[in-house]
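Colleague: Chain order of the listed sequences is A and B.
Under our numbering, residues 1123 to 1438 are what the first sequence spells out, in order.
Under our numbering, residues 146 to 410 are what the second sequence spells out, in order.
Sharing a structure below in C-alpha cells format, with a few things to ask.
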Amino acid sequence: MSTTRGTAAVSLIGLTKYYGSRRGVEQVTFDVAPGEVVGFLGPNGAGKTTTMRMLVGLLRITRGQAVVLGVDIARAPPGLRARIGYLPGALALYSNLTGRQFLTFAARMRGLAVSGRIDGLAERLDLDLDRHIHDLSKGNRQKVGVIQAFLHEPDVLILDEPTSGLDPLVQREFEGMVDEATARGAAILLSSHVLSEVDHLADRVAIVNQGRLVVVQSVEGLRQGALRTIELAFSRPVDTAALAMIEGATGVIQAVAHGSLVTCTVRGSEHDLLRVAVDCGVDFVRSRDPGLDEIFLSLVAGGDGNAGAPADQDVA
Amino acid sequence: MPVRLLTKTWRDHWRGLLAWTAGLVAIAAVELYVYPGIRDSSASIGQLMESYPEAFREFFRMEDYTSGVGFLNVELFSMMVPLVFIAVGATWGAAATAQEEERGTADFLLALPVGRGQVLITKMAATILALTGIALALMLTLAVGTDLVDIDIPLGHIAAACLASSLLGGLYAGIGFLLGALTGRRGVALGVAIALGLAAFLAYSLAPMVDAFDAVNPVNPFAWSVGSNPLAGGLAASDVLRLVGVSAVLYAGALLAFARHDVRT
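Right, here's the structure in full:
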C-alpha cells in the first residue's frame, strides 16, 4: 500500500511503540517536508531514538503509522531504504575494517559505484580513511557514521545525535552538508538533547518528553510564545496607580514593584506595555530574552505550555 | 543475495574456520598415521579391548576397533568429527544476527536497502558453505590417507560420513539462527545450541546402556547422523531427510522470527 499525505517527505501519524507493557513512545504526530530540517528534541530516554528506529524499520510499530516518501513503513519494500540515510545514535561500525573499507562496503551494499564521493566527504570532515575503525577516536568514528548516512545523497535523512563527539570546526562542515542536502530537497529529522545545538540548523523543532510529543513549532515561534521578563526602572518609587496601569497593559501577565523597579512577565507583543511605561515616565527598560535551553527545560519540566517562565524571577 | 555480505561474513570468521579445519585435518592425519601400527598388532589390541569394561566399549562403539572402518569410527566419527561440526554450526548460527545486534552494527546493516530475510539467508549460505568447506577438507584428507595406509573404504562412504556430520552441524546452526533471531543474544543462542548438541551426543552414546536414551534415538539428531554407520554402509536416505527436514523447519522459523524481531540497542 502506498499512502501519500500532503507533500510531506516523512509523516508520523499517532506513532506508538510499546515494548511489551513498557511504553516507548505514544501518539507522536508530526511531518517533515522536503527541504526542511526538523530538530527532534527531548531529554535522554524521551523516545527520540525509538521513534527514529521505527522510521528505518529496526523496530516494529505498535500502533499508528509512519509514511516515508509516500510509502507506509510497515509495508515498505527494503528498496525504500535506498532513499533514506540513517545515522544510529549508538553508532557501532565494523571495527576490524578501515574507514575506506567500511564506506566501500556501505556503498556497494547500496548498489553505488564507489566514486570519489567517499574521498571528498572524508576530506571535508578531515577523516583519515586508511586507519582501522578500532583505532579511531569517538569523533572520527562519528565522521564515518555521518559519511555513510550522506553517501548516497538520500531524500530523507534520519540523524540521531549527529554532532555528538564532533569538534566545532567539523560541526560547521556538517552543518554545510545539511544545508546542501536541504537545498536539493532532502527532508531531515535530526535529534539532540540540547536545543541550542539545533537552533541554527532546524526550521522547526519537535519536542518529546516521557514518550509524548510536547510541542512542534518553529524556533522563532517558540521564542515568541515564551514568557519574557521586562524590567522598568523609574527615578522614584512607583505608586499603586502607575502599577495598576502597567499591570493592565496588553500582554502583561504579572507586574511586581520593588521600590523604583517594576519587574513584568510578558507574553507576545511588548508594544502596549512600553507605551504605558513611557506615559508613567520610565527611565530605563531592560528586557531579558529567555535562552532557548531555558524554554526547552521549562517545556520538558512543566510540559503544560507555560513556556519559558523564568525560574529566577525577582519577586521580593 | 548480496555477495558483499557473503564475503564479509567469511572475512569475519575465516580465522576460526581455518583453525577448526586445520585441527580436524591434523587429527585425521595423525589417526591415519598410527593406524598401521594398530592393525599390525590387532591380536594384542583385541585382547586389550576385551579387557576394557563393556560400558566403555559400548560408549565408543568399539565393536571392530582394528578394522579400518571400526578404527576411524571410534577415533573420529563417533565423537570428534560430529562435535566439531556441532560447535562450528552453533557458533556461526548464533553469531549470524545476534552478534550484529549485540555489537550494535545491526542498526547500520539493517538500515541498508537489503531485506532482513536476505541478510539472514546470506548468513545461512555463508554458514552452509563453511560447513561444506570443512567437510570437503576432511573428506580429501581421509580419501588420500586411507589410500596411503591401505584402508579399503569406498570414496562414497567417506563422503557419506562427512556429509552426515556436516548436516548435523547445519542442524545445530539452525538452532543458533532461530534462538539468535528470537532473543538477539549471541550467548544464549550459542549456549543453548551447544548444550543441546552435547545432550544429543551423550544420549546417543549412552543409549546402549540406558534404555531411556535408547528410546530417544529415533528423535535424536546425533543418532540420525551417525547411527546408521555411514562409513561402513553409506547414508540412509531417511536419515538425510530427517536432518534436512528439521534443519529446514529451524531455518524457516529463524527467518520468520527475525522478520518480526525488534532490533535491540
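Backbone N, C-alpha and C fix where the C-beta goes; we use that ideal spot for every residue, glycine too.
These figures come from a predicted structure and were not determined experimentally.
Let me make sure I understand the geometry here. Which of B:A188, B:M354, B:L401 has the alpha-carbon closest to that of B:A200?
Modeller: B:A200 has its Cα closest to that of B:M354, out of B:A188, B:M354, B:L401.
Colleague: In whole angstroms, what is the alpha-carbon distance linking A:Q1293 and A:G1343?
Modeller: In a straight line, the C-alpha of A:Q1293 is about 25 Å away from that of A:G1343.
Colleague: Would you kindly work out how many angstroms separate the C-alpha atoms of B:F322 and B:A240, rounded to a whole number?
Modeller: Near 8 Å, if we compare the C-alpha coordinates of B:A240 and B:F322.
Colleague: Note down the Cα distance separating A:L1247 from A:A1324, rounded to an integer number of angstroms.
Modeller: The straight-line gap from Cα to Cα measures roughly 21 Å.
Colleague: For A:R1222, which of A:G1287, A:R1263, A:A1188 has the nearest alpha-carbon?
Modeller: Considering only alpha carbons, the answer is A:R1263.
Colleague: Output yes or no for whether 8 Å exceeds the beta carbon distance between B:L376 and B:I298.
Modeller: A contact, by the Cβ cut-off of 8 Å.
Colleague: Is the Cβ-Cβ distance between B:S310 and B:V226 less than 8 Å?
Modeller: Contact: yes.
Colleague: Who are the Cβ neighbours of A:H1256 in its own chain at under 6 Å, not counting the five residues just before and after it?
Modeller: The answer, listed in chain order, is S1217.
Colleague: Closest Cβ-Cβ distance between A:T1171 and chain B: below 8 Å?
Modeller: For A:T1171, the answer is yes, since a Cβ of chain B falls inside 8 Å of its Cβ.
Colleague: I'd like the span of the alpha helix (DSSP H) that includes B:I374, first residue to last.
Modeller: In the sequence as presented, Ile is not what sits at residue 374 of chain B; that position holds Asn. Note, B:N374: premise wrong, no alpha helix (DSSP H); not H, not E.
Colleague: Are the CB atoms of B:L300 and B:R318 within a distance shorter than 8 Å?
Modeller: Correcting the residue type first, residue 318 of chain B is Ala in the shown sequence and not Arg. Contact: no.
Colleague: Cβ of B:T211 less than 8 Å from any chain A Cβ?
Modeller: Answer no: the Cβ-Cβ gap between B:T211 and chain A never drops below 8 Å.
Colleague: Comparing the C-beta of B:K153 with each C-beta of chain A, is any distance below 8 Å?
Modeller: Chain A contact via Cβ: present.
Colleague: According to DSSP, simplified to helix, strand and coil, what is A:L1249?
Modeller: DSSP places A:L1249 in coil when its eight states are reduced to three.
Colleague: By how many angstroms is the C-alpha of B:L327 removed from the C-alpha of B:V394?
Modeller: Approximately 15 Å between the Cα atoms of the pair.
Colleague: Beta-carbon of A:R1168 versus every beta-carbon of chain B: anything under 8 Å?
Modeller: The sequence given here places Ala at residue 1168 of chain A; Arg does not occur at that position. No, no contact with chain B.
Colleague: Can a CB atom of chain B be found closer than 8 Å to the CB of A:L1134?
Modeller: Answer no: the Cβ-Cβ gap between A:L1134 and chain B never drops below 8 Å.
Colleague: Closer than 8 Å by C-beta to B:E176: which residues in its own chain qualify, once you throw out the five before and the five after it? Chain order, please.
Modeller: Same-chain partners within the cutoff: F216, L217, E220, L221.
Colleague: Using three-state DSSP, classify A:A1386 as helix, strand or coil.
Modeller: Contrary to the premise, residue 1386 of chain A reads as Cys rather than Ala in this sequence. A:C1386: strand per DSSP, three-state reduction.
Colleague: Return helix, strand or coil for B:S350, following the three-state DSSP convention.
Modeller: If DSSP states are grouped into helix, strand and coil, B:S350 belongs with the helices.
Colleague: For chain A, find out if any of its Cβ atoms is closer than 8 Å to the Cβ of B:T242; answer yes or no.
Modeller: It does not: the Cβ of B:T242 has no partner Cβ on chain A nearer than 8 Å.
Colleague: Return helix, strand or coil for A:N1166, following the three-state DSSP convention.
Modeller: A:N1166: coil per DSSP, three-state reduction.
Colleague: Would you list, in chain order, the members of the region 1182-1206 of chain A that have their beta-carbon closer than 9 Å to a beta-carbon of chain B?
Modeller: Listed by position, the residues of the region 1182-1206 of chain A near chain B (Cβ gap below 9 Å) are R1182, P1199, P1200, G1201, L1202, R1203, A1204, R1205, I1206.
Colleague: Spatial neighbours of A:G1242 within its chain, please: C-beta separation below 8 Å, excluding the five flanking residues on both sides.
Modeller: Once the five neighbours on either side are set aside, A:G1242 has no close Cβ partner at all.
Colleague: Compare the Cα-Cα distances from A:G1136 to each of A:A1130, A:R1145, A:Q1149, A:R1144 and report the closest residue.
Modeller: The residue with the shortest Cα to Cα distance from A:G1136 is A:Q1149.
Colleague: Can a CB atom of chain B be found closer than 8 Å to the CB of A:R1222?
Modeller: So, not an interface residue.
Colleague: Let me know the secondary structure DSSP gives A:E1148 once reduced to three states.
Modeller: A:E1148: strand per DSSP, three-state reduction.
Colleague: For A:V1316, which of A:R1182, A:S1420, A:F1152, A:V1190 has the nearest alpha-carbon?
Modeller: Residue A:S1420 is the option with its Cα nearest to A:V1316.
Colleague: Would you tell me roughly how many angstroms separate the C-alpha atoms of A:A1377 and A:T1362, rounded to the nearest one?
Modeller: Cα to Cα, the separation comes out at about 11 Å.
Colleague: Measuring from the CB of A:R1246, is there a heavy atom of the ligand SAM at a distance below 7 Å?
Modeller: Only the bare structure without any ligand can be found here, which leaves the ligand SAM out of the picture.
Colleague: In the DSSP output, which residue or residues are listed as bridge partners for B:G319?
Modeller: In the DSSP output, where bridge partners are listed per residue, B:G319 has none listed.
Colleague: Tell me the DSSP bridge mates of A:A1379?
Modeller: Partner(s): A:V1384.
Colleague: A:A1212 touches chain B at which residues, Cβ-Cβ below 9 Å?
Modeller: Near A:A1212 (Cβ distances below 9 Å), the residues of chain B are G249, D252, T410.
Colleague: Can you check whether the C-beta of B:R149 is within less than 8 Å of a C-beta belonging to chain A?
Modeller: Judged by the 8 Å Cβ criterion, B:R149 is in contact with chain A.
Colleague: Tell me which residues of the region 323-341 of chain B have at least one Cβ-Cβ distance to chain A shorter than 8 Å, keeping chain order.
Modeller: Listed by position along the chain: nothing, the set is empty.
Colleague: Using a Cβ-Cβ cut-off of 8 Å, state whether A:F1272 counts as contacting chain B.
Modeller: Answer no: the Cβ-Cβ gap between A:F1272 and chain B never drops below 8 Å.
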